[in-house]
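Here is the structure we will look at, set down as structure tokens.
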Amino acid sequence: MTEELALRAKKVVAVEIDEKLRDLHKETLDIENVKVIYGDFLELDLEKIVEEEFGDEGFKVVANLPYYVTTPIIEKLLLSKVNLISITVMVQKEVAKRLAAQPGNKDYGSLSVFINYYTDCKYKFQVPSSVFMPKPNVDSAVVNLKMKEREDLDTDFLFKIVRAAFTTRRKTLLNSFSNSGLPYSKDDIKRALELSGIDGGRRAETLSLEEFIILSVNFKSVG
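Sequence positions in the sequence shown follow my numbering and run 191 to 413.
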């Protein structure tokens, strides 16, 4: 994939965790516009690397992500202060569905809200396990995430409210918030819901990002 990207991009900076591939890469990736950085992506200083390699230019991420670290890698990319344009990744199919899920969908959860806050995420296509060797036990899918303008919000508090709403996703919002450990009385919770124009009998999976944002603002006002 790196070779194909090198044909299409002005510059490719690849990250490889396996140091044992260094010698192989000297033979196969001896390409003028390709640089390989060896290390664990989650441990790398992403902002420093981007500054050194791209300066103020926007850049895109394209990757086949290891299934067990998909979410931490995407979270690191989205939370870093870099000029990221988009992310196109192949991930486990079930994770792809959660990333792109919309309100009312059974796959919609706190991760979906987080992704929707930072990006416009599209589920592109499925990649069957049969195309891999050795064949994995799960199917994969490709998703594309285009960065959005970031709103000036207390995101830590916003996502605290989102996670609280989904703690017991089959319960109503009123019950979920009441049992979430948030420092609000039941009357405060009812008031925040009322100010937001949200029925406390709804479930978290029915709320849009905009409704969660309004709700977080009103929780602050009653607290």
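The beta-carbon is built from N, C-alpha and C at its ideal position, and this holds for glycine as well. Small disclaimer: the values here were computed from a predicted structure and weren't measured.
Are the CB atoms of residue 396 and residue 299 within a distance shorter than 7 Å?
In the sequence shown, the residue the question calls residue 299 occupies position 109. In the sequence shown, the residue the question calls residue 396 occupies position 206. For residue 299 and residue 396, no; Cβs fall outside 7 Å.
Identity of the residue in 219, 267 and 374 nearest residue 240 by Cα
Here residue 240 is taken as the residue at index 50 of the sequence shown, counted from 1. Comparing Cα-Cα distances from residue 240 to each of 219, 267 and 374, the minimum goes to 267.
Assigned exposure category for residue 231 - 16 Cβ within 10 Å defines buried:
Sequence index remark: in the sequence shown, residue 231 carries index 41 (1-based). Answer is buried; the Cβ neighbour count reaches 16.
Looking only at its chain, what residues have a beta carbon closer than 7 Å to the beta carbon of residue 195, apart from the 5 residues adjacent to it on each side?
Taking the first residue of the sequence shown as position 1, residue 195 is located at position 5. Excluding positions up to five away in sequence, the list reads 202 and 252.
Count the C-beta pairs between the stretch 334-347 and the stretch 361-374 that are closer than 8 Å, then say yes if the count reaches three, no if not.
Fewer than three pairs of CB atoms, one per stretch, sit closer than 8 Å, so the stretch 334-347 makes no contact with the stretch 361-374.
Within the chosen definition, does the stretch 216-228 reach the stretch 247-264 through at least 3 CB pairs nearer than 8 Å?
A contact between stretches requires three or more CB pairs, one per stretch, nearer than 8 Å, and the stretch 216-228 fails this requirement with the stretch 247-264.
Using DSSP with H/G/I as helix, E/B as strand and the rest coil, what is residue 377?
Here residue 377 refers to the residue found at position 187 when the sequence shown is read from its first residue. Three-state result, residue 377: helix.
Sequence-distant residues of its chain with Cβ nearer than 7 Å to residue 270 (five each side left out):
Within the sequence shown, numbered from 1, the residue matching residue 270 stands at position 80. So the list reads 236 and 237, once near-sequence residues are dropped.
Please list the segments of the beta strand (DSSP E) lying wholly inside the stretch 313-401, counting only runs of 3 or more residues, in order along the chain.
Taking only runs of at least 3 residues, the beta strand (DSSP E) segments lying wholly in the stretch 313-401 are 330-337.
Based on Cα-Cα distance, which residue from 389, 292 and 282 lies nearest to residue 260?
In the sequence shown, the residue the question calls residue 260 occupies position 70. Nearest of 389, 292 and 282 to residue 260, Cα basis: 282.
Alpha carbons only, please: which of 204, 292, 200 and 310 is nearest the one belonging to residue 234?
Along the sequence shown, one-based indexing puts residue 234 at 44. Taking residue 234 as reference, the option from 204, 292, 200 and 310 with the minimal CA-CA separation is 204.
Just grab the DSSP bridge partners of residue 225 for me.
Sequence index remark: in the sequence shown, residue 225 carries index 35 (1-based). 203.
Along the chain, where does the beta strand (DSSP E) containing residue 276 start, and where does it finish?
On the sequence shown, residue 276 is found 86 positions in, with the first residue counted as 1. Element bounds for residue 276: 274-282.
Is residue 290 helix, strand or coil when you go by DSSP?
For the purposes of this step, residue 290 is identified with residue 100 of the sequence shown, where counting begins at 1. In this structure, residue 290 counts as helix in the three-state DSSP scheme.
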